[in-house]
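Read the structure below first, then the notes.
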Amino acid sequence: MKMVMKIPSPLRRFTDNQKQIELDALTVKEALTELFNRYPDIKPQIMDDTGDLRNFVNLYHNKVDIRQQEGLDTKLQAGSEVRIVPAIAGGSSLDTSLLADELSRYSRHILLPEIGISGQEALKSASILIIGAGGLGCPLALYLAAAGVGHLGLVDDDVVDESNLQRQVLFTVDDIGLPKVDCAKRRLERLNPNINITGYRERLTSDNALKIIDKYDIIIDGTDNFPTRYLVNDACVLLNKPNIYGSIFRFDGQASVFNYQAGPCYRCLYPTPPPPGLVPSCAEGGVLGVLPSIIASIQATEAIKMITNIGTPLSGRLLLYDALALDFEFLAIMKDADCPICGDSPSITKLIDYQAFCGLSHTSEVKAYKEIEAKELKAWMDKDKHVILIDVREPFEREICMIAGSQFIPMQEFDAHLAELDPSRELVFHCKLGGRSAKVCDKLIELGFNKVTNLNGGILAWIDQVDPSLTRY
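The letter at position 97 of the sequence shown is residue 97 when you use the working numbering, and the numbering goes up by one with no holes.
Pasting the structure below:
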């Protein structure tokens, strides 16, 4: 008698990912026997050692529990449907009981009395959103996937670049040019096929943040820019989600837990962002390759502690890490009663324009200096030999690559060389990406120079548009 067995998603990995299987059987017991003959690994997930159904598994014949029929001896007809229905924890769409192979996979966790089976099941039922698939996001995702967090979300709109491979350990040379979230999803699913991975190949904005963040229990900040960091903080406060913060630069790192159990938020620590360009990014200032994994491990640990309700959270404390001195320092963070979003009388009640808040809005005041694209600059320099191109990067950056014919005045030494600049000449400045040279241009305009131009996109734009033989970094 031909019938169909419906397989729930947690068990499909034992049936070659088939949702339903056609079997030839007269009773439910015969159907299970044929199923187990085809797919032996699924049997211990459904039956106990005595041959009875596990107490967290129910079988439904044509939408009626077989316990209300004849149990395993329930007779089947042609076209009958038997559905396997494992127990579901309240509020979750995942089967949070541990399968047989998961007991082995997570045995080192389960041996810890602070975690045990109940803690591991809590990890399986949890959902965590990681903002950014970069230096912090990659090791975060690896460790949380390996730990058995049931649902991981990953937000990033970027593609893999060769310079990422020094620290973004999810990726390989084969991934260069491909979307980060797609590569990450493939790698994580191979690491742990028992969990669900959702990738968001988009930038987190004020338009989509609440919708995405609201789906997850815990949010982890792996961002590398201030607008997104303040956006994540504000969205977490508005939605009452804990925000596990981390940041890295050169040899230093920071970590904390914000908005947890009425604790302080990021704005309590830093009410406003620094002026644009004051704090270089890792792309401009560099970062020790192993540093992100150290800070990410701390963030992942905080998430696991939070889910399993063990230990003391990092809420109300800021961890400072100095890799060169191998020094950890803790500073107290107090909740600010006047905080504009989590204080007693919040003035921020909805998400704002974070580019404008951080002074990066494209609609802000018109720049006093000019900007030029790399191709336009090349044509201008070919035609007018009096154009002076000045590199304001660090000496070690110039050793990596340089534009032929450019002069060199490091930004840190600029004041000492002002007298050497001729205000009557056309002066074009560049750095790696355009941020530092823009600050130099601003300063010269204030000093009365009016023939000042900034190379948009810096030397990387020159490499892309003019001279690809130069080394990218």
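Think of the CB as a built atom: it goes at the ideal place given N, C-alpha and C, for glycine as much as any other residue.
None of the values given here were measured: they were computed from a predicted structure.
Nearest candidate by alpha-carbon position, reference residue i, set the options
i	options	result
Val28	Lys211, Ser9, Ser80 and Lys43	Ser80
His417	Ala404, Arg436, Leu444 and Ile463	Leu444
Asp156	Ala404, Thr272, Arg203 and Ile21	Arg203
Ser347	Ser9, Asp234 and Asn192	Asp234
Pro193	Ser469, Val4, Leu460 and Leu152	Leu152
Tyr245	Asn196, Leu320 and Asp175	Leu320
Val64	Arg83, Gln465, Ala337 and Arg54	Arg83
Asp217	Leu239, Tyr473, Leu324 and Thr223	Leu239
Leu154	Leu165, Asn164, Ala122 and Arg187	Arg187
Ala133	Asn208, Phe249 and Pro179	Pro179
Val290	Ala323, Asp384, Leu351 and Glu34	Ala323
Leu144	Ile115, Lys2, Thr349 and Leu191	Leu191
Thr349	Leu210, Ala374 and Ser97	Leu210
Ile352	Leu377, Arg229 and Phe251	Arg229
Arg167	Gly135, Glu189, Gln20 and Ala146	Gly135
Phe249	Asn208, Gln261 and Asn225	Asn225
Pro86	Leu377, Leu59, Phe330 and Ala296	Leu59
Close-in-space but distant-in-sequence residues of the same chain around residue i (CB under 6 Å, 5 per side omitted)
i	result
Gly458	His430, Cys431, Lys432, Leu433 and Gly434
Pro423	Phe449
Leu314	Ser256, Val257 and Glu302
Arg436	Val392 and Met411
Tyr39	Phe14 and Thr15
Beta-carbon contacts of residue i that lie in its chain and below 8 Å, excluding the five residues immediately before and after
i	result
Thr205	Leu231
Cys236	Ile213, Ile219, Pro242, Asn243, Phe258, Asn259 and Cys265
Met169	The amino acid at residue 169 is misidentified as Met; the sequence shows Val. Excluding positions up to five away in sequence, the list reads Cys138, Pro139, Leu142 and Ser293.
Leu94	Reliability of the predicted coordinates at Leu94 is poor, the pLDDT of 42 falling under 50, and no value is obtained from them.
Gln18	Ile7 and Arg12
Residue i burial status per 10 Å Cβ neighbour count (16 or more: buried)
i	result
Ala255	buried
Val173	exposed
Lys439	buried
Tyr354	buried
Asn164	buried
Phe171	buried
Val287	buried
Glu365	Residue placement at Glu365 is poorly supported in this model, since its pLDDT is 46, which falls under 50; the coordinates still yield a value, given next. Per the 10 Å Cβ criterion, exposed.
Tyr369	buried
Glu102	buried
Gly199	buried
Gln261	exposed
In DSSP terms, what residue i is bridged to
i	result
Tyr60	Asp65 and Arg83
His151	Ser127 and Asn196
Thr27	Lys75
Lys2	Asp24
Met47	Leu53
Ile388	Leu427
Arg250	Val287
Val237	DSSP, once it has assigned bridges, lists no residue as partnering Val237.
Pro179	Val159
Ser256	Tyr245
Ala100	Partner(s): none; Ala100 has no beta bridge.
Beta-carbon contacts of residue i that lie in its chain and below 7 Å, excluding the five residues immediately before and after
i	result
Gly177	Val159 and Val160
Pro275	Gly359
is_contact[residue i, chain C] using C-beta, thresh 8 Å
i	result
Tyr473	Looking at the structure shown, chain C is missing, and only one protein chain is on hand.
Quiz item: Would you call the segment 340-357 and the segment 175-190 touching, i.e. three or more CB-CB distances under 8 Å?
Solution: no
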